[in-house]
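Trainee: Chains as they are written, first to last, in this note's numbering: chain A, 4 to 262; chain B, 4 to 262; chain C, 4 to 262; chain D, 4 to 262. Even for Gly, the Cβ is constructed at its ideal location relative to N, Cα and C. Quantities reported herein were computed from a predicted structural model and do not represent experimental measurements.
Protein chains: 4
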Amino acid sequence: MICEENIITVEVAGLIFGDGKAKFIAGPCAVESEEQIYNLAKELKKCGVDILRGGCFKPRTSPYSFQGLGEEGLHYLNEAGKFYGLPIISEFMSIEEVLKFHHLVDIIQIGSRNMYNYPLLRTLGEIDKPVMLKRGFSATYEEWHLASQYIISNGNKKVILAERGIRTFETGTRNTLDITAIPFMKCRTGLPIVCDPSHAVGLREFVEPLAFAALATGADGLMIEVHETPEKALSDGRQSIELKKFPELMDKFRDFQRR
Amino acid sequence: MICEENIITVEVAGLIFGDGKAKFIAGPCAVESEEQIYNLAKELKKCGVDILRGGCFKPRTSPYSFQGLGEEGLHYLNEAGKFYGLPIISEFMSIEEVLKFHHLVDIIQIGSRNMYNYPLLRTLGEIDKPVMLKRGFSATYEEWHLASQYIISNGNKKVILAERGIRTFETGTRNTLDITAIPFMKCRTGLPIVCDPSHAVGLREFVEPLAFAALATGADGLMIEVHETPEKALSDGRQSIELKKFPELMDKFRDFQRR
Amino acid sequence: MICEENIITVEVAGLIFGDGKAKFIAGPCAVESEEQIYNLAKELKKCGVDILRGGCFKPRTSPYSFQGLGEEGLHYLNEAGKFYGLPIISEFMSIEEVLKFHHLVDIIQIGSRNMYNYPLLRTLGEIDKPVMLKRGFSATYEEWHLASQYIISNGNKKVILAERGIRTFETGTRNTLDITAIPFMKCRTGLPIVCDPSHAVGLREFVEPLAFAALATGADGLMIEVHETPEKALSDGRQSIELKKFPELMDKFRDFQRR
Amino acid sequence: MICEENIITVEVAGLIFGDGKAKFIAGPCAVESEEQIYNLAKELKKCGVDILRGGCFKPRTSPYSFQGLGEEGLHYLNEAGKFYGLPIISEFMSIEEVLKFHHLVDIIQIGSRNMYNYPLLRTLGEIDKPVMLKRGFSATYEEWHLASQYIISNGNKKVILAERGIRTFETGTRNTLDITAIPFMKCRTGLPIVCDPSHAVGLREFVEPLAFAALATGADGLMIEVHETPEKALSDGRQSIELKKFPELMDKFRDFQRR
């Protein structure tokens, strides 16, 4: 890559983000039931996924939408991860959730809507747990960099960035993946950076080429939404990869990586 | 106005937002000292300002910038307001700040960066205090409307919206004032809406015409940044009106309103 | 206004744009028939409109949409204008159209899609006819200013700017009216500037408050789309004011202006 | 790729765009002298470039900037291409330029600023010469698709699309490369699509990873700006690759492609 001198690595449950080999994070948008997450964990482990994702505290645009299973979902996720030997990631939205539940996850996800939530970021600086800081959907590179500094300057150096698409005038896709962010932010901050093509494009048929693009620019990881029956998902079904098609996709990712 | 059937009014310390007469909110970006805020309160009261604003907990893009005087500043603001008979507004950024300090203000300001902070909004729904909900700088009308519903559906109907400019490609101004938001959101939600031209444009010489535009579209209030010596302000000096020029501006606003 | 020292005025058929009194331009999106434009011209003249607009060469996003009546429509517009004593404005899209037809209009409209069409702008610099230069829907102030310089530096100083809304992330309205552009560009360039609220918002019910906002910021004119039966219009019906309701609107504009 | 059923191929001087193998277009932003373009042509041919680019009629934001060598430059480009056996591409901005000069190029480039120039696009539909249609920098997929239809529906089916970055709020880069456009537009239109990372990012150090990303998503070609001494370029020097470093880059592109 371009700026090799200042590479920072972040360890998550033995996995080294920033070591030059992309990590694969996959799972459902939301934990929907115990059975669902166990089944997904089993299958995702089989096909080589590194980390299991699952939303429990969901930041939904409408207060009337499904808000996630909360603490109950988090326990399902935690137990499914342990049972199948998968580290887990889940999103927290408040200081209270971070303090109460951070011991249950291997990495804390901070979503786009909270990238500017500075009291939350300061709290993350005071705990000993890796953080994946998603880019606010209209955040500039500078704002995103400084948001990471709210965590790092408060004492927690384990920050991984995540590009998940930005808001533009284009309405053909959910967001616009800013692929440039991957080499640019890696170069500017030295931090590991993963790409979430699922949220970026919002259409499952384009997740594969965008994932390849991310790997081609040096992304340190991919985060992909997978669901057993996307058409029945309680959220984000349109962008989720069907579970039974995911092993083939993982094979392609590994092939791409080996080249 | 266009949609007269569903007008909602919100009372703040005896002032009725939504009664057809714009209210004037003014003060410094940040409370910088006890002396500063007392002096500003005295002069602003004299020229007819309705509510005193002053930031104490400041959401700054950089963790290395001045972060506000915090609790100390809030006490200065509260006391200056009481001394000169001015209701006060100040921003809170976390659930903890809301619960601990809401009794010290007459109206709580929720800034752009927290419009998507749903746990915070839910907490605001559970207290009995008016809330001014600023638009996220890239929030759609729908997202902003639904954010207000996070407060209202949790029990607090006293919500006032505030348009403060949106993020666009234009770099000649700080943000782009979306003047359409004023009649559009009033029509869609029925809620009172105020305009903050200072943050929208970021250049003091354009605050006056934009304030007129807001009044012309039926804004229920204006929020204007004023500073004794803008060039020495600890934040946002470029957009602050100089205190000694403010009485003349207030005269113009009242003339405009009387027409 | 803010920058009074460098005000430039532009004469169009005896009307002085930039003299401090807003001019009113109205008419249909497109000239649809001889009968239509004569009838509109008669009624618009009666209620005090200054200039008649009507599209003949229409820049439509799709090649399969109605493209305007072309030369035939232009003759109808020209004759209707003469018959009722109204100067006319119409859009040209190519050098050929400008050279062939500019004698038929009192002012040439250059639409958003052609603001960056520099060979066209250079040609406009070489003729003796006022030009209304609409802002490209993603043009910065600087690009717009420099586009006007392509005309002026080639010899034609009669340029009037027109703000018609910019492209943003907001999908609730057709475009986002950048009200700041009016005082900002007037200040920066000295040129007269008119506002086209119809294209900006795309919804007729919001044309009135946005027109007031434009007048409040010092716009030198308004351009409003009017149609006899908007629901049957061949283009832009959703944003056109119904003809029979337009006289009341003109009364309001004049009242506003007199204040 | 995703939508294999409707692939369209376009031949340019024996090269087949859309055959699954990316073509390489390279050259200076602007033809600056006869010597410059001959020297570049020689070196670019040597390292395997397929098509030589060079701007002659330059659409510059300011009328006071260097506007290109015009017809003189076009003859240099044409002769250099012939001498070294390289097909050439250059931009035309007006109907007149197209009609007068299209026989001198192998493919006509239509720049971002002219994507909405419908009279120009219609003219391109009437000639027998391949066209590279760059995306307007704020054009939606739908508008771009329909712009291509202005050419195709008028009779010229040889259209190649080019993604060159879109305008967003981000100011850290010149534009934002919309990598999704490559698979999305290929899928939607079936047309070949090339990527211009140089204009998209505006910073030469990021051209390489973005070019890889484009190849990874299935781009049918790359267009790269190369200059002998970028720091002395009359335009776009900041984004031009230095000629002496370009052979190594071409090797990397071919390696990537072979994988």
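1) For residue 248 of chain B, which of helix, strand or coil comes out of DSSP?
2) Roughly how many angstroms separate the alpha carbons of residue 4 of chain D and residue 39 of chain A, rounded to a whole number?
3) Three or more beta-carbon pairs under 8 Å between the stretch 88 to 95 of chain B and the stretch 52 to 66 of chain B, yes or no?
4) Got a sec: which bits of the stretch 129 to 154 of chain A sit with their beta carbon under 7 Å from any beta carbon on chain B, in order along the chain?
5) Between residue 197 of chain C and chain B, is there a C-beta pair that is closer than 8 Å?
6) Look up residue 135 of chain A in the DSSP assignment and say whether it is helix, strand or coil.
7) Given 8 Å as the limit, is there contact between the stretch 169 to 177 of chain D and the stretch 139 to 152 of chain D, that is, 3 or more CB pairs closer than that?
8) Looking only at C-alpha atoms, which of A/26, A/19, A/250 and A/17 sits nearest to residue 222 of chain A?
9) Using three-state DSSP, classify residue 224 of chain B as helix, strand or coil.
10) Indicate whether at least one CB of chain D lies closer than 8 Å to the CB of residue 81 of chain C.
11) Please report whether the beta-carbon of residue 171 of chain A lies at a distance below 8 Å from any beta-carbon of chain C.
12) Enumerated in chain order, which unbroken segments of the beta strand (DSSP E) with a length of 3 residues or greater are wholly contained in the stretch 112 to 185 of chain C?
13) Touch check for the stretch 77 to 85 of chain D and the stretch 116 to 124 of chain D: three-plus C-beta pairs under 8 Å?
14) Using the C-alpha atoms, what's the distance from residue 194 of chain A back to residue 201 of chain A?
15) 8 Å is my cut-off, CB to CB: does residue 174 of chain A come that close to chain C?
16) Which residues bound the beta strand (DSSP E) around residue 14 of chain B?
17) For residue 3 of chain B and residue 217 of chain B, I'd like the C-alpha separation in whole angstroms.
18) Along the chain, where does the beta strand (DSSP E) that runs through residue 237 of chain C open and close?
19) Mind checking if residue 29 of chain A is an interface residue toward chain D, Cβ cutoff 8 Å exclusive?
20) Can you tell me where the alpha helix (DSSP H) holding residue 20 of chain B begins and where it ends?
21) Along the alpha helix (DSSP H) that carries residue 211 of chain C, what are the first and last residues, could you check?
22) Interface residues of chain A around residue 117 of chain B at Cβ under 8 Å?
23) With H, G and I counted as helix, E and B as strand and the rest as coil, what does DSSP make of residue 4 of chain D?
24) Taking any Cβ of chain A, which residues in the stretch 232 to 250 of chain D have a Cβ under 9 Å from it, in chain order?
25) Answer with buried or exposed for residue 74 of chain D, where buried requires no fewer than 16 other C-beta atoms within 10 angstroms of its C-beta.
26) If contact means a Cβ-Cβ distance below 9 Å, which residues of the stretch 90 to 110 of chain A contact chain B?
27) Quick one: what's residue 106 of chain B bridged to in DSSP?
28) Verify whether the separation of the beta carbon atoms of residue 198 of chain C and residue 237 of chain C is less than 8 Å.
29) Is DSSP giving residue 27 of chain C helix, strand or coil here?
30) Determine which residues share a DSSP beta bridge with residue 55 of chain A and list them.
31) Distance cutoff 8 Å, beta carbons only. Does residue 287 of chain D sit that close to anything in chain A?
32) How would you call residue 71 of chain D, buried or exposed, if buried means at least 16 neighbouring beta carbons within 10 angstroms?
33) Could you check whether the Cβ of residue 64 of chain C sits closer than 8 Å to any Cβ belonging to chain D?
34) Any chance the stretch 10 to 28 of chain D sits against the stretch 58 to 70 of chain C, with 3 or more Cβ pairs inside 8 Å?
35) Use the C-beta contact count for residue 129 of chain D: other C-beta atoms within 10 angstroms, 16 or more gives buried, fewer gives exposed.
Mentor: Quick answer:
1) helix
2) Reliability fails at residue 4 of chain D, whose pLDDT of 49 lies under 50, so the model's placement of it is uncertain and the value that follows must be treated cautiously. Residue 4 of chain D and residue 39 of chain A: Cα-Cα distance of roughly 31 Å.
3) yes
4) 140, 141, 146, 149, 152 and 153
5) no
6) strand
7) yes
8) A/26
9) strand
10) no
11) yes
12) 134 to 137 and 162 to 166
13) no
14) 22 Å
15) yes
16) 13 to 15
17) With chain B represented from 4 up to 262, any question about residue 3 of chain B goes unanswered, as that position is not in the structure.
18) Taken as a continuous stretch (DSSP letters only), residue 237 of chain C belongs to no beta strand (DSSP E), as it is neither H nor E.
19) no
20) Careful: residue 20 of chain B lies outside any alpha helix (DSSP H), inside the beta strand (DSSP E) at 18 to 20.
21) 210 to 219
22) 119 and 120
23) Reliability fails at residue 4 of chain D, whose pLDDT of 49 lies under 50, so the model's placement of it is uncertain and no value is given.
24) none
25) exposed
26) 96, 97, 98, 99 and 100
27) Residue 106 of chain B pairs with nothing; no bridge assigned.
28) no
29) strand
30) A/29 and A/91
31) It is not possible to answer for residue 287 of chain D, since the shown part of chain D is limited to 4 through 262.
32) buried
33) yes
34) no
35) exposed
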